[in-house]
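First the structure, in the form of structure tokens, and then the observations on it.
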Amino acid sequence: MEKSVQEDVLKWMLGQAFRAEDHKKRLDERLKRINAERNAPIGGIGYEPIIKRTDPGEGAASIVLQLADIEERIYKQKSEIEKAIVRVMTIIEYIPITEIDREIFEMRHIDMMQWPDIEAAIPMSKSQCIRRYNATIDKLLQNPRIQRMVKESEKDYILWCAERDRGKPKNQSGGIKPENKSGNSIQKKSRNNKRMPGKKK
Numbered sequence: 000m001e002k003s004v005q006e007d008v009l010k011w012m013l014g015q016a017f018r019a020e021d022h023k024k025r026l027d028e029r030l031k032r033i034n035a036e037r038n039a040p041i042g043g044i045g046y047e048p049i050i051k052r053t054d055p056g057e058g059a060a061s062i063v064l065q066l067a068d069i070e071e072r073i074y075k076q077k078s079e080i081e082k083a084i085v086r087v088m089t090i091i092e093y094i095p096i097t098e099i100d101r102e103i104f105e106m107r108h109i110d111m112m113q114w115p116d117i118e119a120a121i122p123m124s125k126s127q128c129i130r131r132y133n134a135t136i137d138k139l140l141q142n143p144r145i146q147r148m149v150k151e152s153e154k155d156y157i158l159w160c161a162e163r164d165r166g167k168p169k170n171q172s173g174g175i176k177p178e179n180k181s182g183n184s185i186q187k188k189s190r191n192n193k194r195m196p197g198k199k200k
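Residues in the sequence shown are numbered consecutively from 0, following numbering that gives the first Met the number 0.
See the structure below:
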């Protein structure tokens, strides 16, 4: 595995707790929104009377089932956050406790702090924090145990990347083919046609 790929996989592993927490927050917000709509007073904002249907999958019973499903997913997500934090701490344990780099990693991946907040807490400039962070990533990858962990997680990382990229437009250049991102050749052809309108093909 190339070093750049190893770095990507390791950073992805370290970001598992953050992603799990972010997912849980979305589920929490969804649960609150559905509960608010369900409990809204008649005539209140967001209130819509439940239309009676013969389909048992519709109406109040369906809403209750949706709420139960979200609550179960939140419970599972909390468990996933705990597991992810344990995995992250296992990696961070390889950083000497006396080094400030360890504090940066703990703030970033356990406390889930943003770089500006870490910058203020250290205190150290954001660029210095990121440089130290990346240098420590390189040191961690020199550890045989970390290398094995990264190798074992490579397949999951690839699957995650595929899932993340699913649905994204294949053409990222705004409709222009990759080999012609600037559109120069199209414009040039157009200019040539204007210069020689009577030229036969």
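Using N, Cα and C, we set each Cβ at its ideal position, and we do this for glycine too.
The straight-line gap separating the alpha-carbon atoms of residue 87 and residue 7 is approximately 15 Å. For the options 101, 159 and 152, the alpha carbon positioned closest to that of residue 138 is the one of 101.
A distance below 8 Å separates the beta carbons of residue 30 and residue 66.
Secondary structure at residue 96: coil, using DSSP grouped into helix, strand and coil.
Residue 130 is classed as exposed because its beta carbon has fewer than 16 other beta carbons within 10 Å across all chains shown.
Cβ-Cβ distances below 8 Å link residue 128 to 103, 114, 117, 118 and 121 in the same chain, with the five nearest sequence neighbours on each side left out; the list follows chain order. In this structure, residue 140 and residue 9 form a Cβ contact; the two beta carbons are roughly 6 Å apart against a cut-off of 8 Å. The beta-carbon separation of residue 73 and residue 27, rounded to 6 Å, stays under the 8 Å limit for a contact. Taking 8 Å as the cut-off, the beta carbon of residue 136 is found no closer than this to the beta carbon of residue 90. Between residue 35 and residue 71, the alpha-carbon positions lie close to 19 Å from each other.
Judged by DSSP secondary structure, residue 157 falls within the alpha helix (DSSP H) whose first and last residues are 143 to 164. Here residue 21 carries a helix assignment [DSSP, helix/strand/coil]. For residue 150, same chain residues with a beta-carbon under 8 Å away, outside a window of 5 residues either side, are 0 in chain order. The continuous alpha helix (DSSP H) containing residue 5 extends over residues 2 to 13. Membership of residue 115 in the alpha helix (DSSP H) is indicated by the continuous run 114 to 120. Judged by DSSP in its simplified three-state form, residue 124 adopts coil rather than helix or strand. Residue environment for residue 96: exposed (fewer than 16 other C-beta atoms within 10 angstroms of its C-beta).
Residue 111 carries a coil assignment under DSSP once its states are collapsed to helix, strand and coil.
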